[in-house]
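Okay, structure first, notes after.
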Amino acid sequence: MSIRVLDPTFEEARTEQSVVTGLKSLVDCTVGLLDNSKIKVKDILDTVETLLRTQHGVKHIVRLKKSDASRPAAPEVVAAMAGCDAVISAVGD
Amino acid sequence: MIHADTLQAKRHDLADALDVNELYQQKGWTDGLPIVPPTEERVLECLAAVNLASGEVIGVEAVRQRPITAEKVAINAVMAGCLPTYMPVVVAVLRAMCDEDFNLHGSTASTGGSAQFIVVNGPIRTALGMNATHNALGNASRANATIGRAIRLLLINVLECIPGQLDRSTLGHPGKFTFCIAEDEEDSAWLPLARERGVAAGQSGVTVMACESPHQIMNEWTKDPEELAETFAAEIRHNMLTYSIWAGNYAIVIPKQLRELFIAAGWQKHDIREYIFRAARVVRRDWATVGKNNIAERGKGPDQEFLALRSPDDLLVVAAGGPAGGFGAVIPPWLGTWSHAVTRPV
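Here is the structure:
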């Protein structure tokens with residue numbers, strides 16, 4: 001006697017994804033800074049922006065913001081991030 | 094009848110039901126409690142009960158674009174202990190949760206640790222033998238217990254809301270095992286919740302709300318409806334100060350003893366909502382009374398007013414509970430308007 005049962009987990013085909021190759025340098029890059037609307041994120045990202053510009057040669061900084069911390073970024077924000085060489089998503093609190 | 098060949102899920106062959114339980118426990122496919130083995134026969138019966146093909150998509154979790162198929166719903170419902178007849182309710186709840194207003198990803202991943210408070214209305218309650226009276230928020234009926242549990246198991250297994258992984262809850266609460274109630278429509282003169290929220294008369298409906306743990310109140314010392322409503326409002330104000338200030342859906346559950354006092358005074362649900370809308374508000378300086386002095390003067394200053402409800406309609410009033418005792422419950426929202434209660438027909 002045996003019993004045959006079904007797997008309860010997600011098995012549908014997952015979107016093929018691959019890890020991007022890391023940037024060798026940030027010089028002349030465009031970096032997006034995503035404010036996720038948590039408390040003090042602006043302070044963190046202001047500091048990060050200064051460091052990126054003064055110590056890493058980043059050419060353009062794109063400041064982006066989510067409407068609130070618990071909702072997905074708006075499509076136009078995602079589209080803007082897609083145009084960046086790198087994006088930093090900050091977590092405050 | 095759908096044939097077993099149409100089922101897509103991977104099969105596991107084991108010696109007996111106890112071995113099934115052990116495997117599923119080891120894999121982390123349960124909430125820690127034992128499960129019913131999801132055999133092909135049982136899963137097919139569940140799909141037949143809602144006349145859905147195995148691959149039919151019930152809804153999509155929007156952030157990760159993850160589809161929830163009928164087959165996975167049926168598997169997890171069987172594991173939770175659901176009978177096939179419970180499936181229409183389980184499916185309706187999941188459809189409601191996939192509504193953008195519910196914010197499925199945010200509410201299930203947040204450190205806030207919310208559960209899904211499910212209220213069932215209409216004829217399906219009695220058909221399934223759901224409990225709406227004694228121990229209304231606790232254990233009493235298979236349908237109440239397993240419908241809520243089916244949602245939790247699906248969140249764990251299909252959406253991977255696993256504690257410490259996607260589920261980042263700091264504390265969570267016992268409602269995360271199961272939190273499904275029925276409204277006591279037979280013993281209430283009030284309009285049922287789903288009717289108030291647009292479901293047609295004679296039709297069944299579900300309402301789901303991302304909630305924190307219920308707070309029990311008691312007032313057996315008055316027959317004045319304003320005083321009774323004030324006790325609920327006071328608990329809401331307390332929650333605004335000690336937990337979250339943000340306005341949104343609150344639910345209150347009113348058992349028979351207090352219901353009869355409201356009704357004797359001529360109060361309908363909307364009268365309760367109007368009172369609590371006016372009374373459930375605090376000012377910033379009140380935070381100083383609960384150990385939050387550091388934020389009592391921020392923002393627009395100590396007189397800045399905060400409302401628990403954006404409008405009276407934000408308050409969900411549910412008639413349920415045993416016949417004796419001047420008790421009631423306030424069920425707070427996860428985080429104000431970041432998730433809205435959603436009602437759907439069954």
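Residue numbers (this note's numbering), protein chains in the order written: chain Y, 1 to 93; chain V, 94 to 439. All C-beta atoms, glycine included, are put in the ideal place defined by N, C-alpha and C. This one's a predicted model, so the numbers in the text were calculated from it and none came from an experiment.
DSSP three-state call for residue i: helix, strand or coil?
i, result
"G199/V", "helix"
"N224/V", "coil"
"L64/Y", "strand"
"C273/V", "strand"
"E154/V", "strand"
"D28/Y", "coil"
"A86/Y", "strand"
"L6/Y", "strand"
"Q209/V", "strand"
"V346/V", "strand"
"L247/V", "helix"
"L354/V", "helix"
"N214/V", "strand"
Go to residue i, then tell me how far its alpha helix (DSSP H) extends in each direction, as first and last residue.
i, result
"Q17/Y", "Here Q17/Y belongs to no alpha helix (DSSP H), and DSSP marks it neither H nor E."
"D112/V", "110-120"
"A412/V", "Element bounds for A412/V: not the alpha helix (DSSP H) but the beta strand (DSSP E), 408-412."
Check whether the Cβ atoms of residue i and residue j sit closer than 8 angstroms, and answer yes or no.
i, j, result
"I451/V", "V184/V", "No answer is possible for residue 451/V: the residues shown for chain V start at 94 and end at 439."
"D124/V", "F270/V", "yes"
"K349/V", "L284/V", "no"
"G341/V", "P395/V", "no"
"A358/V", "R261/V", "no"
"V20/Y", "V58/Y", "no"
"A322/V", "I356/V", "no"
"V439/V", "P181/V", "yes"
Taking the straight line between their C-alpha atoms, what separation do you get for residue i and residue j?
i, j, result
"I365/V", "A146/V", "44 angstroms"
"Y343/V", "P307/V", "10 angstroms"
"Q101/V", "L64/Y", "41 angstroms"
"S200/V", "V113/V", "31 angstroms"
"L409/V", "I388/V", "30 angstroms"
"D46/Y", "V376/V", "32 angstroms"
"D68/Y", "I3/Y", "48 angstroms"
"D160/V", "G418/V", "The amino acid occupying residue 160/V in the given sequence is Pro; Asp does not appear at that position. So the two alpha carbons sit approximately 45 angstroms from each other."
"H227/V", "D277/V", "10 angstroms"
"G257/V", "W122/V", "15 angstroms"
"G421/V", "L351/V", "8 angstroms"
"I88/Y", "V78/Y", "13 angstroms"
"F447/V", "A189/V", "A question about residue 447/V goes unanswered here, because the residues of chain V that appear run from 94 up to 439."
"E279/V", "G215/V", "10 angstroms"
"L140/V", "H331/V", "45 angstroms"
List the endpoints of the continuous beta strand (DSSP E) containing residue i.
i, result
"V435/V", "435-438"
"G418/V", "From DSSP, G418/V is part of no beta strand (DSSP E); its letter is neither H nor E."
I'd like the ranges of any beta strand (DSSP E) spanning at least 3 consecutive residues and lying wholly in the segment 277-320 of chain V.
298-304, 308-311
Pick out the complete beta strand (DSSP E) segments inside the segment 356-401 of chain V, 3 residues or longer, and give them in chain order.
374-376, 398-400
Could you tell me which uninterrupted beta strand (DSSP E) segments, each at least 3 residues in length, are contained entirely in the segment 137-188 of chain V, listed from first to last along the chain?
150-154, 159-162
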